[in-house]
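*Asks:* Residue numbers (the working numbering): 74 to 309.
In this text, a Cβ means the ideal position worked out from N, Cα and C, and glycines have one as well.
Values in this document were obtained by computation on a predicted structure and should not be read as measured data.
Structure below; questions to follow.
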């Protein structure tokens with residue numbers, strides 16, 4: 074009689090060069106990365122973040138505080154070593170895999186030797202996986218829907234999801250109501266209302282006038298994701 078729970082996969086997130094992201098969207102990347110790091114350990118998400126530019130504008134104090142496990146290869150100066158490990162030492166490493174590893178359960182930085190993987194070994198492993206495609210079933214990317222949602226918000230309006238939440242709680246909706254609740258100008262509120270109509274969430278203005286009936290159930294957990302799925306199915 075016990076309900077069998079679906080086993081969730083472990084997810085590994087690799088960021089090959091953090092400096093590029095921090096250069097373009099420093100505030101957004103820092104907040105998202107730190108939030109993910111705070112919650113990841115409880116949900117089986119592992120983060121591996123790398124950079125070739127260990128400066129304080131890339132590895133900020135907030136990022137360091139949320140990533141207690143850090144590894145440094147050979148760096149140019151003691152200043153770079155302090156940015157990564159909070160201590161000098163990495164500037165004296167010999168290169169070729171020589172590294173210092175710092176973790177929350179270690180008394181200090183531990184010296185390690187990374188293994189060398191040749192191009193031929195990489196090719197051999199890749200060839201093995203290509204020759205056994207049916208033995209391993211890839212897990213669908215769990216964040217595809219999230220990426221699609223943010224892409225839609227970028228195309229339309231970042232407040233569209235907030236407007237949908239308002240529509241779920243109201244039987245009728247007007248542009249002036251959106252203007253007041255979202256604290257935006259009338260032209261932007263009118264554009265948001267038009268997006269809601271295009272998604273089928275509010276009544277046609279020719280029928281409803283300034284105050285339009287809403288067509289979204291309050292109990293629906295994520296209407297925007299459902300709309301994206303329906304749109305994608307219609308394009309196939």
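(1) Just the C-alpha distance for residue 244 and residue 275, rounded to the nearest angstrom, thanks.
(2) Can you name, in chain order, every residue of its own chain whose Cβ lies under 7 angstroms from the Cβ of residue 126, other than the five neighbours on each side?
(3) For residue 175, which residues from the same chain have a beta carbon less than 6 angstroms from its beta carbon, with the 5 sequence-adjacent residues on both sides left out?
(4) Specify the secondary structure class of residue 79 as computed by DSSP and reduced to three states.
(5) Does the count of Cβ pairs from the segment 232–246 and the segment 197–208 closer than 8 angstroms reach three?
(6) Return the CA-CA distance between residue 177 and residue 266, expressed in angstroms with no decimal places.
(7) DSSP on residue 205, reduced to helix/strand/coil?
(8) Sorted by chain position, which residues of the same chain lie with C-beta nearer than 8 angstroms to residue 299's C-beta, five sequence neighbours on each side aside?
(9) Going by C-alpha distance, which of 218, 304 and 130 is nearest residue 97?
(10) If distances are taken between C-alpha atoms only, which option among 115, 100 and 107 comes closest to residue 84?
(11) Could you give the DSSP three-state label for residue 145: helix, strand or coil?
*Replies:* Let's see:
(1) As a first step, residue 244 is located in the chain shown; it is residue number 171 there, counting from the start. As a first step, residue 275 is located in the chain shown; it is residue number 202 there, counting from the start. In a straight line, the C-alpha of residue 244 is about 10 angstroms away from that of residue 275.
(2) For the purposes of this step, residue 126 is taken as residue 53 along the chain shown, with counting starting at 1. Cβ within range, chain order: 92.
(3) If you number the chain shown from 1, residue 175 lands on position 102. 143, 158 and 182, listed in sequence order.
(4) On the chain shown, residue 79 is found 6 positions in, with the first residue counted as 1. Three-state DSSP puts residue 79 in coil, outside helix and strand.
(5) no
(6) What you label residue 177 is simply residue 104 of the chain shown in a count that begins at 1. What you label residue 266 is simply residue 193 of the chain shown in a count that begins at 1. C-alpha separation (whole angstroms): 50 angstroms.
(7) Residue numbering aside, residue 205 sits at position 132 when the chain shown is read from its first letter. If DSSP states are grouped into helix, strand and coil, residue 205 belongs with coil.
(8) Position 226 of the chain shown, counted from the start, is the residue given in the question as residue 299. So the qualifying residues of the chain are 293.
(9) Residue numbering aside, residue 97 sits at position 24 when the chain shown is read from its first letter. When each option's Cα is compared against that of residue 97, the closest is 130.
(10) What you label residue 84 is simply residue 11 of the chain shown in a count that begins at 1. Here the closest residue by C-alpha is 115.
(11) Numbered from 1 along the chain shown, position 72 holds the residue referred to as residue 145. It is a strand residue.
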